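Asker:
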Amino acid sequence: MDIKVCKFGGSSVKDPSQIKKVFNIVKDDKKRRVVVVSAPGRDETYDEKITDHLLNLATNGNHFFEQKVHINPKQSYDVIINKFKKLCDDLKIEKTSILKDLKADLDNKNLSGVKKEAFFLSRGEHYNAKIINEYFKISGLNSKLKLPEDFKFILNENFCDGRIERESYKNIESSFSFKEDEIYIVPGFYGVTKNNEIAVMSRGGSDLTGGEIAYALDADLYENWTDTNGVYEVDPRIINDANVIPRLTFKEIRLLSSKGFNVFHFNAMLNCKKSKIPINIRNTNNPLDKGTMILNERVPMEDLVGIAKLDNMASIHIQKNMLGDEIGFTAELLRIFEEYHVNTYHYPTDKDDIAILVDQEDLKGNINNLRRQIEKRLKTNRITVTYNLSIITLVGIGLKENAFALVDAITALKDNNITFEMFDMSPSKISFHIGVSQNIADAALKTLHKKLIKGK
Ligand code: ASP
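457 is the number that the numbering used here gives the last residue of the sequence shown; the numbers go up by one with no jumps.
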């Protein structure tokens, strides 16, 4: 379909001046016909998102208490009410019925447990979409509110981590009829179960709403508007002259985002990839910038597009003579990790040893028993655990044709006296991983960026 689905994240809809930017962006392109919005994000007056305040209220203060944040439910209540009141006032929208409904929702005593959490969590998107829709209307756009409970965005009964049910796609298709110049405002993140109860997807779920709607409508483009210019070739907080990657493939972004690149909800890409709908990451605060385009295919002009870094990793190095010849050794080893719910990342292996790389957080409270089980069940000779490692991952579909980039990487590290603990190339040959001690990881990243990306 000849339309663009746009999703605006919390920072893009956090206050009136941001909402006005959103209005201008939508008005600027007639193909922008579906606008998915998040709840207001953090602003200058409070450090927590509205969604977190809502959860704090639903859990009677437990949510912030667990994070050692000192905000009680009453304070959260006031922040939420004041936020929406101020939005209405500043955008000159009639607030009486919005505030009356919001207060009734927040005073809801009929729900408990996860159903209550899901309902409260959804209210940020729900009321923000109502306000944005009113603002768009009074500002001259033919906008219509499309609520998930009305068009039946059906989720399963995992109330706080709901997954979309197939019938939702048909419901979206039949409800989004695009009469004349209609623009649809949709609150992201939540849906309803088959019994019409509110459920939410996982946190950051507005990305998912946008992705699912783009897929259902077979949109030309899914625009994901946020507060950065796109996906950077390296973390710009570490390397301040890092550039945005103009075009990258779904496969590349997946490799980068699983290695510390926090771009957007990974699952939001799955259906877009299936239907070859490109995703464009754009900056609401800099709409002239073209951002990053994520595509199924691109011409590999450069070997390498991005370098990610994942900190706080540990390597569990297991030695046993001839373990490589023991059928089932690795399977049993991985089973032990599974039993302790420890996610495994890479496992370089050889005849007499294997190393398993894991997030060291996952080892907390587990490492003793894990080591005992491995020794007992696999009769190993020696186990050495190294903590505080960083995994640096170099990604690019062009590496397939030019694996010599690896030589440049190693030479650059050698020239700068940076030693590494591990080296591993992925079977697809489009990414490779270098394990370094965490205290020199930033230096390693800068060196590799300078040589392999900047230097080209
Ligand atoms: N407001 C929700 C959250 O903070 C969903 C979203 O913003 O995408 O997780």
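Idealized CB from N, CA, C, for every residue including glycine.
Small disclaimer: the values here were computed from a predicted structure and weren't measured.
#1: Does the beta-carbon distance from R34 to I4 come in below 7 Å?
#2: What separation, rounded to the nearest whole angstrom, lies between the Cα atoms of I1 and H127?
#3: Taking N99 and I132 to be in contact with their CB atoms under 8 Å, please state how far apart those CB atoms are, rounded to whole angstroms.
#4: When we look at the beta-carbon of H71 and count the other beta-carbons within 10 Å, is it buried (16 or more) or exposed?
#5: What residue range is occupied by the uninterrupted alpha helix (DSSP H) comprising G125?
#6: Based on DSSP bridge pairs, tell me the residues matched to C273.
#7: Let me know the alpha helix (DSSP H) ranges lying completely inside the region 25-83, each 4 residues or longer, listed in chain order.
#8: Go ahead and label A105 buried or exposed: buried means 16 or more other beta carbons lie within 10 angstroms of its beta carbon, across all protein chains shown.
#9: Kindly identify the DSSP beta-bridge partner or partners of I308.
#10: Residues in its own chain within less than 6 Å of N313 by CB, not counting five upstream and five downstream?
#11: Name the one or two DSSP bridge partners that E468 has.
#12: Report yes if the C-beta distance between N225 and K8 is below 7 Å; otherwise report no.
#13: Assuming A442 and I398 make a contact with CB atoms under 8 Å, what is their CB distance in whole Å?
#14: Quick one, which of P349, H342, S316 has its alpha-carbon nearest T331's?
#15: Using 8 Å as the Cβ pair cut-off and three pairs as the minimum, do the region 319-327 and the region 350-357 touch?
#16: Quick one: give me the first and last residue of the alpha helix (DSSP H) that L407 is part of.
#17: Using the C-alpha atoms, what's the distance from D182 back to D30?
#18: Less than 6 Å between the CB of R164 and some heavy atom of the ligand ASP, yes or no?
#19: Determine the contact status of V187 and K153, defining contact as a CB-CB distance below 7 Å.
#20: Report the residue from P288, I282, K32 whose alpha carbon sits nearest the alpha carbon of F265.
#21: So, helix, strand or coil for S258, using DSSP?
#22: Going by DSSP, name the residue or residues bridged to T385.
#23: Rounded to a whole number of angstroms, what is the C-alpha to C-alpha distance between M423 and N403?
#24: I'd like the list of long-range same chain contacts for E340, defined as Cβ closer than 8 Å, with 5 residues on each side in sequence excluded.
#25: Regarding K50 and the ligand ASP, is the C-beta to nearest heavy atom distance less than 6 Å?
#26: For the ligand ASP, I want to know if R204 counts as a neighbour, meaning its beta carbon is within less than 6 Å of at least one of the ligand's heavy atoms.
#27: Can you name the residues that DSSP bridges to F424?
#28: Quick check on DSSP: helix, strand or coil for T285?
#29: Between V386 and A315, which are expected to be in contact by the criterion C-beta below 8 Å, what is the C-beta distance as a whole number of angstroms?
#30: By how many angstroms is the C-alpha of E303 removed from the C-alpha of R248?
#31: Ordered along the chain, which non-local residues of its own chain (more than five positions away) have a Cβ less than 6 Å from that of F338?
#32: For a test of your reading of the model: does the CB of A40 fall under 6 Å from any non-hydrogen atom of the ligand ASP? Yes or no.
#33: State the Cα-Cα distance for the pair G125 and L257, rounded to the nearest angstrom.
#34: What residue from N63, S39, S77 has the CA that sits closest to T46's CA?
#35: Taking the alpha helix (DSSP H) that K455 falls in, what are its first and last residues?
Answerer: Looking at the atomic coordinates:
#1: Cβ atoms of R34 and I4: closer than 7 Å.
#2: Residue 1 is absent from the model: the chain starts at 2 and stops at 457.
#3: A small correction: the amino acid at residue 99 is Ile; Asn does not occupy that position in the sequence shown. Taking a contact as a CB-CB distance under 8 Å, the pair I99 and I132 counts as one, their CB atoms being some 7 Å apart.
#4: Exposed: under 16 other Cβ atoms inside 10 Å.
#5: Counted as a single uninterrupted DSSP element, the alpha helix (DSSP H) harbouring G125 occupies residues 114-139.
#6: Partner(s): none; C273 has no beta bridge.
#7: As summarised for the region 25-83, the continuous alpha helix (DSSP H) elements at least 4 residues long and confined to that stretch are 51-59, 63-67, given in chain order.
#8: With fewer than 16 other beta carbons inside 10 angstroms of its own, A105 counts as exposed.
#9: Paired residues: L395.
#10: Counting only Cβ-Cβ distances below 6 Å, and skipping sequence neighbours, we find Q361.
#11: The requested residue 468 is not part of the displayed model; the chain covers only 2 to 457.
#12: Contact: yes.
#13: Actually they are not in contact, since the Cβ atoms of A442 and I398 sit about 25 Å apart, beyond 8 Å.
#14: Cα-wise, what sits closest to T331 is P349.
#15: At 8 Å Cβ cutoff, the stretches touch.
#16: Looking at the DSSP string, the run of the alpha helix (DSSP H) that includes L407 is 406-416.
#17: Roughly 12 Å between the two C-alpha positions.
#18: Not under cutoff, so the answer is no.
#19: No, the pair does not count as a contact, with Cβ atoms beyond the cut-off.
#20: Looking only at P288, I282, K32, the smallest Cα-Cα distance to F265 is reached by I282.
#21: Three-state result, S258: helix.
#22: T385 has H318 as its beta-bridge partners, per DSSP.
#23: The straight-line gap from Cα to Cα measures roughly 21 Å.
#24: For E340, where only same-chain residues beyond five positions count, the Cβ hits under 8 Å are Q374.
#25: In this structure, K50 has its CB closer than 6 Å to one or more heavy atoms of the ligand ASP.
#26: Correct: R204 has its Cβ closer than 6 Å to the ligand ASP.
#27: BP columns for F424 point to I435.
#28: In the structure shown, T285 sits in coil (DSSP, three-state: anything other than H, G, I, E or B).
#29: The C-beta separation of V386 from A315 comes to about 6 Å, placing the pair in contact by the 8 Å criterion.
#30: Taking the straight line from one Cα to the other gives about 11 Å.
#31: Here the set comprises T345.
#32: A40 has its Cβ nearer than 6 Å to a heavy atom of the ligand ASP.
#33: Those two C-alpha atoms are separated by around 30 Å.
#34: Comparing Cα positions, the closest option is S77.
#35: Segment: none, K455 is in no alpha helix (DSSP H) and carries neither H nor E.
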